[in-house]
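Under this note's numbering, residue 353 is the last one in the sequence shown; the count climbs by one each step, no gaps.
By construction, the Cβ of each residue, glycine as well, lies at the ideal position given by its N, Cα and C atoms.
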Amino acid sequence: MTEILQVGHDVATALASGRPVVALESTIFSELGLPEPANRECFQRVQAAVRAGGAVPALCGVLDGGAVVGANFAEAERLFGGSVKLGARDLAPAVAAGLDVGVTTVSATVTLAEAAGIEVFATGGIGGVHRGADRTGDVSADLEAMAHHRVVVVSSGVKAFLDVSLTFERLETLGVAVVGWRTDRFPAFYVRDGGRELNTVVDDGGQVATAFRAAGVLGHAGGLLVANPIPASTELDAARVAEAVETAEAAARRDGVSGGDITPAVLTALASSIGEAVVPANVALAESNAAVAAEIAVALARYPDPLREAGP
Ligand code: PSU
Ligand code: MN
Numbered sequence: 042m043t044e045i046l047q048v049g050h051d052v053a054t055a056l057a058s059g060r061p062v063v064a065l066e067s068t069i070f071s072e073l074g075l076p077e078p079a080n081r082e083c084f085q086r087v088q089a090a091v092r093a094g095g096a097v098p099a100l101c102g103v104l105d106g107g108a109v110v111g112a113n114f115a116e117a118e119r120l121f122g123g124s125v126k127l128g129a130r131d132l133a134p135a136v137a138a139g140l141d142v143g144v145t146t147v148s149a150t151v152t153l154a155e156a157a158g159i160e161v162f163a164t165g166g167i168g169g170v171h172r173g174a175d176r177t178g179d180v181s182a183d184l185e186a187m188a189h190h191r192v193v194v195v196s197s198g199v200k201a202f203l204d205v206s207l208t209f210e211r212l213e214t215l216g217v218a219v220v221g222w223r224t225d226r227f228p229a230f231y232v233r234d235g236g237r238e239l240n241t242v243v244d245d246g247g248q249v250a251t252a253f254r255a256a257g258v259l260g261h262a263g264g265l266l267v268a269n270p271i272p273a274s275t276e277l278d279a280a281r282v283a284e285a286v287e288t289a290e291a292a293a294r295r296d297g298v299s300g301g302d303i304t305p306a307v308l309t310a311l312a313s314s315i316g317e318a319v320v321p322a323n324v325a326l327a328e329s330n331a332a333v334a335a336e337i338a339v340a341l342a343r344y345p346d347p348l349r350e351a352g353p
């Protein structure tokens, strides 16, 4: 029988000796997230950034009915071609069905990260409350997953076309701690300032590690979202993004696109309407988040979990 949770060799070795590991989702590196060949290039840059920061990357996904944490080269190649998007709730049924290739979203990946004992995860932008959610009920499972799994999530805020304010409010309701990485503004993916103020600013990985360990000691059950704005040199014009999002969303509605299919459809439309700067912006922010996540993972590795140290 296929093993349900398969931790790659390098990742397992690192975890066993308490060395830093950063979990990575596979949806953004598949064609659902970025067009060929930018998806592969993005993965290569993200992976290199994690390694340069002194941590081991752990690409996650489902292959042949097994949940993989730390895909090897050949496994990663299969995931890049994946077109079945899996949220947290889809993992177990995918395993049961023996799914050949499934790419994991933020919600599925933080679930797998915690199951494997990885404390830090990097992505581009998290899912959240969609515009018009009062009508459609479309709220990403990413938010609940961050509330229930003790994992540090590094992202450039929420996906470009969500309702940033409603998502920000929902994070508060769910008890997900949000800290700004060298900023007091909650970022909105392509733009550095998403319009909401953050109460806590962190300047280095050590501060995040302290907050995360404190959350454990204080009995806070959920995760910690580290909001890292897109590098200034690749930031897009906010008005232009807003306009392109309106158009792309209207087109998706007109075509009857719903649920999990909305993200890939809108991202494709955005890339064609805003043009060439979109993909480099996406890659740059993912790479920056990977570097920040590695710094946090390194700091956490130097700061042993007081709960585990205490023993039984
Ligand atoms: N942000 C992007 N591109 C993406 C995603 C986020 O710019 O492809 C993916 C992530 O995997 C995220 C998922 O977890 O979309 C959320 O999808 P949904 O809204 O269906 O939960
Ligand atoms: Mn959604």
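Count the C-beta pairs between the segment 135-146 and the segment 98-110 that are closer than 8 Å, then say yes if the count reaches three, no if not. yes
Among L127, R254, D225 and A252, which one has its Cα closest to the Cα of V242? D225
Alpha carbon to alpha carbon, what distance is there between P76 and V110? For the pair V110 and P76, the Cα-to-Cα distance works out to about 24 Å.
Assuming contact is defined by CB atoms lying nearer than 8 Å, are S148 and E72 in contact in what I supplied? no
Is G165 closer than 8 Å to N323 when the C-beta atoms are compared? yes
With hydrogens ignored, establish whether the beta-carbon of G301 is closer than 7 Å to any heavy atom of ligand 2. yes
A163 bridges to which residues according to DSSP? Looking at the DSSP assignment, A163 forms a beta bridge with L65 and V195.
What residues in its chain sit with their C-beta under 7 Å from that of G59, if we drop five residues either side in the sequence? A342
Any chance the segment 257-265 sits against the segment 182-193, with 3 or more Cβ pairs inside 8 Å? Result yes; three or more Cβ-Cβ pairs closer than 8 Å.
Inter-residue Cα distance where the pair is I45 and V136: Approximately 7 Å, taken between the alpha carbons.
For a test of your reading of the model: does the CB of S13 fall under 7 Å from any non-hydrogen atom of ligand 2? Yes or no. The structure shown does not extend to residue 13, since the chain is modelled only from 42 to 353, so the question has no answer here.
Any non-hydrogen atom of ligand 2 closer than 7 Å to T304 Cβ: Yes, the beta carbon of T304 sits closer than 7 Å to at least one heavy atom of ligand 2.
R172 versus R130 - alpha carbon distance: 23 Å
Could you pull the DSSP bridge partners for K126 from this structure? V144
Under the three-state reduction of DSSP, which class applies to A229: helix, strand or coil? strand
Would you call the segment 246-253 and the segment 285-304 touching, i.e. three or more CB-CB distances under 8 Å? no
Could you check how far apart the C-beta atoms of T43 and C101 are, in whole angstroms? I think they sit under 8 Å. That pair is no contact at about 16 Å.
For R86, does the three-state DSSP call read helix, strand or coil? DSSP places R86 in helix when its eight states are reduced to three.
Going along the chain, which unbroken runs of the beta strand (DSSP E) with 3 or more residues stay wholly within the segment 249-325? 265-268
Residues in its own chain within less than 7 Å of V170 by CB, not counting five upstream and five downstream? V180, L203, D204, L207, T208 and R211
Which residue's Cα is closest to the Cα of A93: A115, V282, N113 and P61? P61
Separation of L277 from G236, as counted between CA atoms: 15 Å
For L120, which of helix, strand or coil comes out of DSSP? helix
Output needed for A96: all residues of its chain with C-beta closer than 7 Å, excluding positions within five of it in sequence on either side, in chain order. P61, V62, V63, A335, A338 and V339
Using DSSP with H/G/I as helix, E/B as strand and the rest coil, what is L46? strand
Let me check you understand the geometry: is the CB of G168 closer than 7 Å to at least one non-hydrogen atom of ligand 2? yes
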